[in-house]
Structures are given as C-alpha cells and as structure tokens.
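Colleague:
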C-alpha cells in the first residue's frame, strides 16, 4: 500500500529520492480471514509472490505553488502457483525483473503556509504511462499473467489532495521544541485497459500521517494507509474477476533520519490492520519500505 511521501518544494528546489519496497505475499486470504492454498478451486492455485520495487523519483519546484514529479520504477518479482491439468498438477514459477510504469505527477498548492502553524492544502493530478514490460516469461517460455507483469500496459489517471497542519510544538529529548504535524491525503485512480483488455479496478487511496521529532536529526514516523479497490474487468485474459479488488488498511510506523541539511532517510514497516479481499487472494504479513532523499536549491548561487 503506497505511503504518503510527497514533500513540498519551493521554486527552484529539486528533490531526488530512491525508494525500495519489499512485499512477500505468502499468506492466503479468503475475504477477511486467513485461509490456505486452493481454498477456492480454480484452474491454478496461487502460492506465493515476492515483490521488490525500486523507484527513482525526481521532484521539481517550478514555482512556490507548483511542483512536478516523475517516478521511474524497476520491478523484481518471483511468483509460483500450482496449475491443474487433466494429466495432473504442475508447479509453475517465474523469476524476472524489468522496467515498470513511469508516473508523472503535478501538485498545485491552493493554500501556502505563512508560518509553521498555518495549513497547507494542495491539489494532485497525474498519469501512469504504459512504459512497463508486459511480456515476461518463465524458463519454459510461458508468459506470466498480466497481474504480475512489471507493467500493466494501461494508461491510468489519478487526482487527489494533500492537507498538512502543525497542531503542536512538542519537546524533543534534547530539550528543544519541534513541530507535531498531521497530514491527510486522498487520491483516486482511474485505471485504463491494458494488455488483453485487462483493466484493474479503480483505486481509492487514503492516508493519515504524523511525525514526532525525537532529536534534531531523528524522528518517529507513523502513517495509517488505506487502499480500496473495485473489481477488475478481466478482458480476454480468462482471469477470475471474483478474485480481484478488496480493502486493505495498514498501520505504518517508521523512523526518519536527517544525515545533513540536504540528505535524509526513512524506514517503514507496514503492518496489516484490516484486510478484506474479494474471493481468494495472496497477502503479505508485513511490508518493508526504505527511502533516501536529497534536496537542493538550484537558485542558491544566484
């Protein structure tokens, strides 16, 4: 489930980020309950999917109210399932890496804070392009399902907002005072048709986040992240529509370190708080997310 990681940049500022996600889907759910492989029979039973995604992000402050961003993801995935044939059952697996779908984002500030305790409100809009690989195969030459390919083959649009408000000034362990902010974010993604006319269900993402500054360069982070997804239109893939979409809510505690004025890092663990999948699906016991960010002012020398 994506985190809310957008950082406001003033005009002339550039942010370079590297984010790595580790998600091992080795747990079967039916609805809101833990289950087992093959609990709902079909032509093949999903066993495990290991997802690793590294994203290079570039953010640019065009003006104080307008920022643009681009995300370039690289995906590694290992997937296994049991296929049921007339001649018997067969274990099938895939192991591949490839370019994912590039995302372009724009953020326009509707309210800019004049001081630390003023609110910040911005509108978000963007598009996910069909740049990712969609034809990965295993060693037997069998093409992977579109749902596990690095790319979807679709063009998707999203809109949303971010609201940030500092609610308190609280003491740190060093005796200084730091801001205690609350951030609210909502985005809605309209998914298009991709390979074999498969269209993933539209997605609503919702986030609530805060951070507590322990010391001058260390913070405790906390987010609650929700993902609410419609059923897919499976097109001509033959995939079962009943096993798509659902509701996922995570609690995401983390730590943030500011190594210098320009360089920072973060680590989160996402813990499932509530999951209710449609049909039978793979889920993860936890997700790990690492990030490094470097921000600098292009106009500083002027």
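Numbering (our numbering), first residue to last: 5 to 306. Positions of the beta carbon are idealized from the N, C-alpha and C atoms, including for glycine.
Considering just the uninterrupted stretch of the beta strand (DSSP E) at residue 247, what are its terminal residues?
Modeller: On the chain shown, residue 247 is found 243 positions in, with the first residue counted as 1. Counting along the chain, residue 247 falls outside any beta strand (DSSP E), and DSSP gives it neither H nor E.
Colleague: Give the C-beta separation of residue 56 and residue 89 to the nearest angstrom, bearing in mind that I take them to be a contact with Cβ-Cβ under 8 Å.
Modeller: For the purposes of this step, residue 56 is identified with residue 52 of the chain shown, where counting begins at 1. For the purposes of this step, residue 89 is identified with residue 85 of the chain shown, where counting begins at 1. Between residue 89 and residue 56 the Cβ distance is about 30 Å, and since that is not below 8 Å, they are no contact.
Colleague: Between the stretch 127-134 and the stretch 157-176, can you find at least three pairs of beta-carbon atoms closer than 8 Å?
Modeller: Yes: the two stretches touch, three or more of their Cβ pairs being nearer than 8 Å.
Colleague: Are the Cβ atoms of residue 239 and residue 154 separated by less than 7 Å?
Modeller: In the chain shown, the residue the question calls residue 239 occupies position 235. In the chain shown, the residue the question calls residue 154 occupies position 150. No.
Colleague: If you measure from the CB of residue 101, is any heavy atom of the ligand ZN nearer than 6 Å?
Modeller: Looking at this structure, you won't find the ligand ZN or any other ligand, since it has none at all.
Colleague: With DSSP run on the structure shown, which of helix, strand or coil describes residue 75?
Modeller: Residue 75 sits at position 71 when you count from the first residue of the chain shown. Note: residue 75 maps to strand in three-state DSSP.
Colleague: Report the CB separation of residue 158 from residue 104 in whole angstroms; it is logged as a contact under 8 Å.
Modeller: Working through the chain shown from its first residue, we reach residue 158 at position 154. Working through the chain shown from its first residue, we reach residue 104 at position 100. Residue 158 to residue 104, Cβ: 12 Å. No contact.
Colleague: Does the structure place the stretch 245-260 close enough to the stretch 218-227 that three or more beta carbon pairs sit under 8 Å?
Modeller: Touching, yes, given that three or more Cβ pairs across the two stretches are closer than 8 Å.
Colleague: Could you please give me the residues that DSSP links to residue 203 through a beta bridge?
Modeller: Residue numbering aside, residue 203 sits at position 199 when the chain shown is read from its first letter. Residue 203 is bridged to 237.
Colleague: Between 86, 139 and 243, which lies nearest to residue 43 when the distance is taken from Cα to Cα?
Modeller: For the purposes of this step, residue 43 is taken as the residue at position 39 of the chain shown. Answer by Cα proximity: 86.
Colleague: In the DSSP assignment, what are the bridge partners of residue 292?
Modeller: For the purposes of this step, residue 292 is taken as residue 288 along the chain shown, with counting starting at 1. Note: residue 292 sits in a beta bridge opposite 26 and 273.
Colleague: Could you tell me the alpha carbon to alpha carbon distance between residue 12 and residue 145, rounded to whole angstroms?
Modeller: For the purposes of this step, residue 12 is taken as residue 8 along the chain shown, with counting starting at 1. For the purposes of this step, residue 145 is taken as residue 141 along the chain shown, with counting starting at 1. Cα to Cα, the separation comes out at about 46 Å.
Colleague: Using a Cβ-Cβ cut-off of 6 Å (strictly less than) and excluding sequence neighbours within five positions of residue 30, which residues of its own chain qualify?
Modeller: Within the chain shown, the letter at position 26 stands for residue 30. Closer than 6 Å at Cβ, skipping near neighbours: 52.
Colleague: Please classify residue 254: is it buried, with 16 or more other beta-carbons within 10 angstroms of its beta-carbon, or exposed?
Modeller: The residue labelled residue 254 in the question sits at position 250 within the chain shown. Counting Cβ neighbours within 10 Å, residue 254 comes out buried, since at least 16 surround it.
Colleague: Closer than 7 Å by C-beta to residue 248: which residues in its own chain qualify, once you throw out the five before and the five after it? Chain order, please.
Modeller: By 1-based counting over the chain shown, the position of residue 248 is 244. If we look at residue 248 and ignore the five residues flanking it on each side, its Cβ neighbours are 205, 235, 236 and 282.
Colleague: If we require 3 or more residues per run, which beta strand (DSSP E) segments fall completely within the stretch 100-150?
Modeller: Correct list: 107-115 and 124-132.
Colleague: Return the CA-CA distance between residue 107 and residue 216, expressed in angstroms with no decimal places.
Modeller: For this step, residue 107 is matched to residue 103 along the chain shown. For this step, residue 216 is matched to residue 212 along the chain shown. Cα to Cα, the separation comes out at about 30 Å.
Colleague: Start and end of the beta strand (DSSP E) containing residue 168?
Modeller: In the chain shown, counting from the first residue as 1, residue 168 sits at position 164. Element bounds for residue 168: 160-175.
Colleague: Between residue 313 and residue 219, how many whole angstroms is the CB-CB distance? I'm expecting something under 8 Å.
Modeller: Nothing in the structure corresponds to residue 313, since the chain is present only between 5 and 306.
Colleague: Quick one: residues in its chain with C-beta nearer than 7 Å to the C-beta of residue 175, no 5 flanking neighbours on either side, listed in chain order?
Modeller: Along the chain shown, one-based indexing puts residue 175 at 171. Around residue 175: 181.
Colleague: Does the beta-carbon distance from residue 202 to residue 150 come in below 7 Å?
Modeller: Position 198 of the chain shown, counting from 1, holds the residue named residue 202. Position 146 of the chain shown, counting from 1, holds the residue named residue 150. Result yes, Cβ atoms of residue 202 and residue 150 sit closer than 7 Å.
Colleague: I'd like the span of the beta strand (DSSP E) that includes residue 57, first residue to last.
Modeller: Along the chain shown, read from residue 1 onward, the residue named residue 57 stands at position 53. Counting along the chain, the beta strand (DSSP E) containing residue 57 begins and ends at 48-67.
Colleague: Residues in the same chain with beta-carbon distance under 6 Å from residue 210, minus the five sequence neighbours each way, listed in chain order, please.
Modeller: The sequence position of residue 210 within the chain shown is 206, counting from 1. Taken in chain order, the residues that qualify are 190 and 230.
Colleague: Under 8 Å by Cβ, that's how I've got residue 272 and residue 60 pegged, so tell me the actual separation to the nearest angstrom.
Modeller: Here residue 272 refers to the residue found at position 268 when the chain shown is read from its first residue. Here residue 60 refers to the residue found at position 56 when the chain shown is read from its first residue. Not quite, the Cβ-Cβ distance comes to about 18 Å (not below 8 Å), so this is no contact.
Colleague: Rounded to whole angstroms, what's the CA-CA distance from residue 124 to residue 114? Just pull it up for me.
Modeller: Working through the chain shown from its first residue, we reach residue 124 at position 120. Working through the chain shown from its first residue, we reach residue 114 at position 110. Answer to the nearest angstrom: the Cα atoms are 8 Å apart.
Colleague: Grab me the residues of residue 139's own chain with a C-beta within less than 7 Å of its C-beta, minus the 5 sequence neighbours each way, in chain order.
Modeller: Sequence index remark: in the chain shown, residue 139 carries index 135 (1-based). Cβ neighbours of residue 139 beyond the five flanking positions: 147.
Colleague: Can you give me the Cβ contacts of residue 65 inside the same chain, cut-off strictly under 7 Å, excluding the 5 residues immediately before and after it?
Modeller: Within the chain shown, the letter at position 61 stands for residue 65. If we look at residue 65 and ignore the five residues flanking it on each side, its Cβ neighbours are 13, 14, 15, 16, 17 and 71.
Colleague: Provide the residue(s) that pair with residue 41 in DSSP beta bridges, ordered along the chain.
Modeller: Reading the chain shown from its first residue, position 37 is the one you call residue 41. Answer is none; residue 41 lacks a bridge partner.
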